[in-house]
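Novice:
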């Protein structure tokens, strides 16, 4: 049997990922996560001395903290199975990636295990996140200097 | 090549005199759970790490298989076994505790059968008297190595499979009355149909299973009908593809009463396990547990075990390699 004639058989028989269902689940669950984040954001602005701009830091920390608890209690993977990208893309997904790797590699010790493996999954988010932020900032700086747009 | 045939025939009837099966806590949900000798309450078998737990249940299962055969560890000539963890440390460490002469074997999830084939050759050659064979897998240890950390919230696709925590071991000796014996075997070729999705093992392994089954049945098509041909861990997806391949090629017209797949049946129809079970412990625990039991009670008299293995590593698929697969078959009879 050759690969060319085999792949059509796989495509025909293997069940497809339910893309539409996954999209809706991701949309709603991701939306719920963001709504919860927005509530925290308002709480920080209302009860503490934060502005709309500065409230994002404690909000992200709070959301990651909640994700940490859910991961530790084994609930985040259940949400993940239902929601897919809905729970992976928000910052809670980043928290889950970091914390699940930290838990997993505790058996190899604090330095070579937790320390060096904690960002195994989330590391690429940081690398490409920082790099793309730099590129965007560079473009905006140039445009501002040229007088095309204002800050 | 002797006789220009891929099939090995064992004329001395090497007999599987005993088997022992161990399984983890989740495997209590298996439809086969009543055939498991040991079911642990803790996934890590009360050890500090998954890998230590893995080694512990290999050791426990081997010890039980030897005891059920009415032998001592010192009677065993060699232990042939493997698992899925890098360098097979769980099996190596279990062999250290067992202190039996040992050779590690790796055919991924097909080790359950490759170890039995090798054991049969050793018994047939009369160089050895009792060989301990089998394979095992531990869910957490395998998942973290091949996929993601256990608590990572990744979505399993509908064709995904669940690695079992289970071990199946047996003792092979010279012919004994009323014990199932190894009639013949076919050693698989590595088949690669250019599947690349490491979550879709069933689709990758089905062509390997098909190749081995076709080759083995071809040589026996004029013989008496098989009561059962059972594959190891194709899962629901891979098994459906295998059936399609057999229909297209006419292999399903060979004299076989029933085709089954251990992985597809392992957890019943529970949707959280998606396509079904997988792992070196899946085929070993089902072949040497319930199916061995049915042969022993003569409900089944002529059975072909076909264990399938995906020969990938996390490195190989990250480097964009396709997934080569293998399937080994062994024919078990009882008089």
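Chains as they are written, first to last, in the numbering used here: chain A, 269 to 419; chain B, 595 to 929.
C-beta atoms are modelled at their ideal positions from N, C-alpha and C, and glycine is treated no differently.
No experiment lies behind these values; they were computed from the predicted model shown.
How would you list, in chain order, the residues of chain B whose beta-carbon sits under 9 Å from the beta-carbon of residue 326 of chain A?
Specialist: The premise fails here: residue 326 of chain A is roughly 23 Å from chain B at the closest Cβ pair, so nothing lies under 9 Å.
Novice: Can you confirm whether the region 306 to 315 of chain A touches the region 865 to 880 of chain B when touching is taken to mean that 3 or more C-beta pairs between the two stretches lie within less than 8 Å?
Specialist: No, the region 865 to 880 of chain B does not touch the region 306 to 315 of chain A.
Novice: Would you say residue 611 of chain B and residue 797 of chain B are within 7 Å of each other, going by their C-beta atoms?
Specialist: no
Novice: Answer with yes or no whether the minimum CB distance from residue 753 of chain B to chain A is below 7 Å.
Specialist: yes
Novice: Just to check my reading of the structure: residue 704 of chain B and residue 858 of chain B have Cβ atoms closer than 8 Å, yes? What is that Cβ distance to the nearest angstrom?
Specialist: Not really, about 17 Å apart at Cβ, beyond 8 Å.
Novice: Excluding sequence positions up to five away, which residues of its chain have a Cβ less than 7 Å from the Cβ of residue 680 of chain B?
Specialist: Cβ neighbours of residue 680 of chain B beyond the five flanking positions: 739.
Novice: Is there a C-beta anywhere in chain B that falls below 7 Å from the one on residue 294 of chain A?
Specialist: With 7 Å as the cut-off, residue 294 of chain A does not count as an interface residue toward chain B.
Novice: Using 10 angstroms around the beta-carbon of residue 640 of chain B, count the other beta-carbons present and answer buried if the total reaches 16, otherwise exposed.
Specialist: Of the other Cβ atoms in all chains shown, fewer than 16 fall within 10 Å of the Cβ of residue 640 of chain B; this residue is therefore exposed.
Novice: Does the beta carbon of residue 861 of chain B sit closer than 7 Å to a beta carbon anywhere in chain A?
Specialist: no
Novice: Checking the sheet assignment: what are the DSSP bridge partners for residue 898 of chain B?
Specialist: B:823 and B:925
Novice: Report the three-state DSSP secondary structure of residue 378 of chain A (helix, strand or coil).
Specialist: helix
Novice: For residue 723 of chain B, which residues from the same chain have a beta carbon less than 8 Å from its beta carbon, with the 5 sequence-adjacent residues on both sides left out?
Specialist: 669, 671, 717, 767 and 768
Novice: Do we get a CB-CB distance below 7 Å when we pair residue 299 of chain A with the residues of chain B?
Specialist: no
Novice: Pairing CB atoms from the region 623 to 635 of chain B with CB atoms from the region 399 to 419 of chain A, are three or more of them under 8 Å?
Specialist: With a cut-off of 8 Å, the region 399 to 419 of chain A and the region 623 to 635 of chain B do not count as touching, because too few Cβ pairs lie within range.
Novice: Just to confirm, are residue 729 of chain B and residue 675 of chain B a CB contact at a threshold of 7 Å?
Specialist: yes
Novice: Does the distance from the C-beta atom of residue 897 of chain B to that of residue 786 of chain B stay below 7 Å?
Specialist: no
Novice: Three-state secondary structure (DSSP) at residue 289 of chain A?
Specialist: In the structure shown, residue 289 of chain A sits in a helix (DSSP, three-state: H, G or I).
Novice: Are the region 600 to 618 of chain B and the region 764 to 783 of chain B in contact at 8 Å, needing three or more beta carbon pairs?
Specialist: With a cut-off of 8 Å, the region 764 to 783 of chain B and the region 600 to 618 of chain B count as touching, because enough Cβ pairs lie within range.
Novice: Three or more C-beta pairs closer than 8 Å, one from the region 798 to 818 of chain B and one from the region 754 to 765 of chain B: is that the case here?
Specialist: no
Novice: Determine, for residue 345 of chain A, whether the minimum Cβ-Cβ distance to residues of chain B falls below 7 Å.
Specialist: yes
Novice: Straight-line CA distance for residue 736 of chain B to residue 684 of chain B?
Specialist: Their Cα atoms are separated by approximately 11 Å.
Novice: Could you list which residues in chain A have their beta carbon closer than 9 Å to that of residue 744 of chain B, in chain order?
Specialist: 342, 345, 368, 371 and 372
Novice: For residue 701 of chain B, I'd like the list of residues in its chain whose CB is within less than 7 Å of its CB, leaving aside the five on either flank, ordered along the chain.
Specialist: 708, 903, 920 and 922
Novice: Looking at C-alpha atoms only, which residue of B:659, B:603, B:645 and B:602 is the closest neighbour of residue 883 of chain B?
Specialist: B:659
Novice: Taking C-alpha atoms, which residue in B:602, B:694, B:908 and B:899 lies nearest to residue 852 of chain B?
Specialist: B:899
Novice: Taking a cut of 7 Å between CB atoms, which residues from the region 299 to 325 of chain A lie near chain B?
Specialist: none
Novice: Exposed or buried, what is residue 917 of chain B when buried is set at 16 or more other beta-carbons lying within 10 Å of its beta-carbon?
Specialist: Classification for residue 917 of chain B: buried.
Novice: Is the beta carbon of residue 885 of chain B closer than 7 Å to that of residue 928 of chain B?
Specialist: no
Novice: Taking CB distances under 7 Å as the criterion, tell me whether residue 330 of chain A reaches chain B.
Specialist: no
Novice: Is the CB of residue 871 of chain B under 7 Å away from at least one CB in chain A?
Specialist: no
Novice: Can the beta-carbon of residue 827 of chain B be found closer than 7 Å to that of residue 872 of chain B?
Specialist: yes
Novice: What residues match up with residue 855 of chain B in a beta bridge as DSSP calls it?
Specialist: B:825
Novice: How would you label residue 372 of chain A, buried or exposed, when you count the other beta carbons within 10 angstroms and need 16 or more for buried?
Specialist: buried
Novice: Inspect the beta-carbon positions of residue 731 of chain B and residue 874 of chain B and report whether they are closer than 7 Å.
Specialist: yes
Novice: Determine the chain A residues that contact residue 831 of chain B at a beta-carbon separation under 8 Å, and present them in chain order.
Specialist: 281, 282 and 283
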